[in-house]
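Peer 1: One structure is given below, represented as structure tokens, and several questions about it will come after.
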Amino acid sequence: MLLPLLVLALLALSTVSPRGAMAQAVGDGPRALPATHRIGIPEPLDPSVRGSLGLGYGYTENVLGSDDVHHRFIADVAAAVVPLEWLAFALSLDIRHDNHSGTAPSDADSSTVVEPRLTSRGALFVGEVALGLEAEFWLPGSDTASNSFDGLSIALRGLARWSPENSPFFIGVLTGFHIDRSADTALLANSLSDGDWLALGVSEDPAILLGVAGGARLGGLELFGEWTWDPWVGDGAPSLEKSPMRLAVGGRVELADALLARLTVETLLTDRPPVGRGQRLSRVEPRFSVMLGVSYAFPFAAEPPPPSTSPPPPPPVRQVRIVAGHALAPNDEPIVGARVWVEVGDSRTETETGADGRFRLKRVPAGPATVFIEAEGFDTWSSPLPEDASEPLSIALERALPAGELRLRVRTYTNAPLAATARLEPLGVSLETDASGEYRGQIPPGRYRMTVTAEGYREQQRRVVIEENGVTVLNIDMRPRRGSQ
187 MLLPLLVLAL LALSTVSPRG AMAQAVGDGP RALPATHRIG IPEPLDPSVR GSLGLGYGYT
247 ENVLGSDDVH HRFIADVAAA VVPLEWLAFA LSLDIRHDNH SGTAPSDADS STVVEPRLTS
307 RGALFVGEVA LGLEAEFWLP GSDTASNSFD GLSIALRGLA RWSPENSPFF IGVLTGFHID
367 RSADTALLAN SLSDGDWLAL GVSEDPAILL GVAGGARLGG LELFGEWTWD PWVGDGAPSL
427 EKSPMRLAVG GRVELADALL ARLTVETLLT DRPPVGRGQR LSRVEPRFSV MLGVSYAFPF
487 AAEPPPPSTS PPPPPPVRQV RIVAGHALAP NDEPIVGARV WVEVGDSRTE TETGADGRFR
547 LKRVPAGPAT VFIEAEGFDT WSSPLPEDAS EPLSIALERA LPAGELRLRV RTYTNAPLAA
607 TARLEPLGVS LETDASGEYR GQIPPGRYRM TVTAEGYREQ QRRVVIEENG VTVLNIDMRP
667 RRGSQ
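Count along the sequence shown from 1, add 186, and you get the number used in our numbering.
This is how it looks when you write it as structure tokens:
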């Protein structure tokens, strides 16, 4: 029942929010860094300052054997700094308030705990795969915890993300180890009521960290799910079937530029370790919890280049020269009828190769120049021409690979056709859609970065793979700029 309700809630939010693709593949989680819920997802980020605020509720059933019930009210506040696209640092506060009720008089109690956490994350991006390493330091917070660093704990996590080209889906993996020293601060644990003992949130045992996540981005809506398990290890640690294993589902929707809302529902799948005074200290997590949060990214403003104070150079004296050469195929056969031109600033001089593959251009203006040769069945060749070049050029052209077809379709968020411009880099060409918002054409095989622009609409970027003799179909939904409609 949880998943359908979650999807309906997010779809309702998406109907009142702008439509379009989010700037990053996976949105920010409770630490103000890309994550599903507990699993961090390495993503290339623009240099920025990021913030996150979350509120939630957790329910814990009878665990003390006295028909007890425990209600947890949760808040998390986080700020992150991203100096480089592969490096980030985050500082967060986890705040929880527990109310306990039960038949035993000692169970009626409440407590509030604040835990600071410092997180650092680095990432490496290789094609469709991203690898990350994360270190998180945290101090337990409790009325019974000593005000020292005795309980400083660290979690080391290895992260991985796979997101196929031209696909809305992603998969994330987590593995790591939690060195938990939080129990060193709980010096008075056995003097607490059972309710306060339950809310301590400290553990005597280290844990292995495991998790798998997956999700999909549908325009401005992102849905995700994750499975995590923290098996305790060490002498006297609770058994594996009592180590916390969780399942969470959730989603995010973009409310405005860089402003995301998220909703997450999580349930604990495993049994509890023995709890209460005199037992081994182990964290007790809610059986069920729901979190609602928002996050925002403040990009670093780019500094404008300083104005030039030097006067413009005087115009050069116009001179001319001769450019000659020989165009050859890879087998050293001459290329007949190839088009040859030289560009010097705004000036362009053209000719064609003869039966012997030779060419000669007269009256080419002096100055920085570039030579181009274009022939059917060969890749276009270009090279800067040295100003002092006096010898004929000998140029070998490479045979062109079979081109692939690109079919591009651009629509508005109301599904109306849209005339747009798509720039392919590093090919350096611009493609124009027709009145129906479509473009079809032959493109050399390779991997490209496409930037799509249209007047009054926000720029969109996509990664495009063109295969030999293949057909690549790409649909783009454009979203209007704020205030343009």
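We treat Cβ as the ideally placed atom computed from N, Cα and C, and that holds for glycine. Bear in mind the structure is a predicted one, so any value in this text is a computation, not a measurement.
For D391, which three-state DSSP category applies?
Peer 2: coil
Peer 1: Cα-Cα, which of T456, D518 and E573 is closest to R507?
Peer 2: Closest option to R507, Cα to Cα, is E573.
Peer 1: Any idea if T222 is buried or exposed, counting beta-carbon neighbours within 10 angstroms, 16 or more meaning buried?
Peer 2: buried
Peer 1: If you reduce the DSSP assignment to three classes, tell me which class E427 lands in.
Peer 2: helix
Peer 1: Which whole-angstrom value describes the C-beta separation of S389 and R469, a residue pair presumed to lie in contact below a C-beta threshold of 8 Å?
Peer 2: 5 Å
Peer 1: So, for P308: in the same chain, excluding its five sequence neighbours on each side, which residues have a beta-carbon less than 7 Å away from its beta-carbon?
Peer 2: According to the sequence provided, residue 308 is Gly. The question's Pro does not apply to it. Cβ neighbours of G308 beyond the five flanking positions: W272, L273, G318 and L319.
Peer 1: Under DSSP, the beta strand (DSSP E) around S130 begins and ends at which residues?
Peer 2: Nothing can be reported for residue 130: it is not among the residues displayed for the chain, which extend from 187 to 671.
Peer 1: Output the residue ranges of the alpha helix (DSSP H) runs that lie fully inside the stretch 262 to 336 and measure 4 residues or longer, sorted by chain position.
Peer 2: none
Peer 1: So what does DSSP say about A369, is it helix, strand or coil?
Peer 2: helix
Peer 1: Quick one: Cα of T639 to Cα of E624, how far?
Peer 2: 14 Å
Peer 1: As a quick exercise: from P430, V439, R466 and L449, pick the residue whose alpha carbon is nearest that of P455.
Peer 2: Residue identity differs from the one stated: residue 455 is Leu in this sequence, not Pro. L455 has its Cα closest to that of P430, out of P430, V439, R466 and L449.
Peer 1: Please state whether DSSP places L722 in a helix, a strand or coil.
Peer 2: Residue numbering for the chain in the displayed model covers 187 to 671; residue 722 lies beyond these limits and cannot be assessed.
Peer 1: Could you pull the DSSP bridge partners for H512 from this structure?
Peer 2: R544 and S580
Peer 1: Are the CB atoms of F564 and A586 nearer to each other than 7 Å?
Peer 2: Contact: yes.
Peer 1: Quick check: A216 and I227, are their CB atoms within less than 7 Å of each other?
Peer 2: The sequence given here places Pro at residue 216; Ala does not occur at that position. Cβ atoms of P216 and I227: not closer than 7 Å.
Peer 1: Between the stretch 420 to 430 and the stretch 616 to 634, can you find at least three pairs of beta-carbon atoms closer than 8 Å?
Peer 2: no
Peer 1: Do R593 and V651 have their CB atoms nearer than 7 Å?
Peer 2: no
Peer 1: Considering only their Cβ atoms, is the gap separating P612 from E654 smaller than 7 Å?
Peer 2: no
Peer 1: Contact between the stretch 344 to 360 and the stretch 384 to 398: three or more CB pairs below 8 Å?
Peer 2: yes
Peer 1: Does DSSP classify V659 as helix, strand or coil?
Peer 2: strand
Peer 1: So what's A524 in DSSP terms, helix, strand or just coil?
Peer 2: Correct three-state label for A524: coil.
Peer 1: Secondary structure at A346, three-state DSSP: helix, strand or coil?
Peer 2: strand
Peer 1: Does the stretch 532 to 544 touch the stretch 598 to 613, meaning 3 or more C-beta pairs lie closer than 8 Å?
Peer 2: no
Peer 1: DSSP three-state call for A209: helix, strand or coil?
Peer 2: Reliability of the predicted coordinates at A209 is poor, the pLDDT of 46 falling under 50, and the value obtained from them is presented with this limitation in mind. In the structure shown, A209 sits in coil (DSSP, three-state: anything other than H, G, I, E or B).
Peer 1: Excluding the five sequence neighbours on either side, which residues of its own chain have a C-beta within less than 8 Å of the C-beta of R534, listed in chain order?
Peer 2: Residues of the same chain with a CB within less than 8 Å of the CB of R534, apart from the 5 flanking positions on each side, are W527 and V528 in chain order.
Peer 1: Could you give the distance in angstroms between the alpha-carbon of V596 and the alpha-carbon of E247?
Peer 2: 52 Å
Peer 1: Measuring straight from C-alpha to C-alpha, what distance separates S287 and P302?
Peer 2: 28 Å
Peer 1: Between the C-alpha atoms of G240 and R633, what's the straight-line distance to the nearest angstrom?
Peer 2: 39 Å
Peer 1: Can you grab the Cα-Cα spacing for the pair L325 / V263, in whole Å?
Peer 2: Roughly 15 Å between the two C-alpha positions.
Peer 1: Pull up the distance between the alpha-carbon of G327 and that of A602, whole angstroms please.
Peer 2: In a straight line, the C-alpha of G327 is about 55 Å away from that of A602.
Peer 1: My assumption, with CB atoms under 8 Å, is that R644 sits in contact with R635. Please give the rounded CB distance.
Peer 2: About 17 Å separates the two Cβ atoms, so there is no contact after all.
Peer 1: Compute the beta-carbon to beta-carbon distance between D336 and D366, rounded to the nearest angstrom, for a pair I have assumed lies under 8 Å.
Peer 2: Their Cβ separation, rounded to whole angstroms, is 13 Å, which puts D336 and D366 out of contact at 8 Å.
Peer 1: Could you check the C-alpha separation between D518 and P578 for me, to the nearest Å?
Peer 2: 16 Å
Peer 1: Which one of L514, V212, D295 and D532 has the shortest CA to CA distance from E229?
Peer 2: Just measuring C-alpha positions, the residue of L514, V212, D295 and D532 sitting nearest E229 is V212.
Peer 1: For T305, which of E314, A265 and F311 has the nearest alpha-carbon?
Peer 2: A265
Peer 1: DSSP three-state call for A385: helix, strand or coil?
Peer 2: helix
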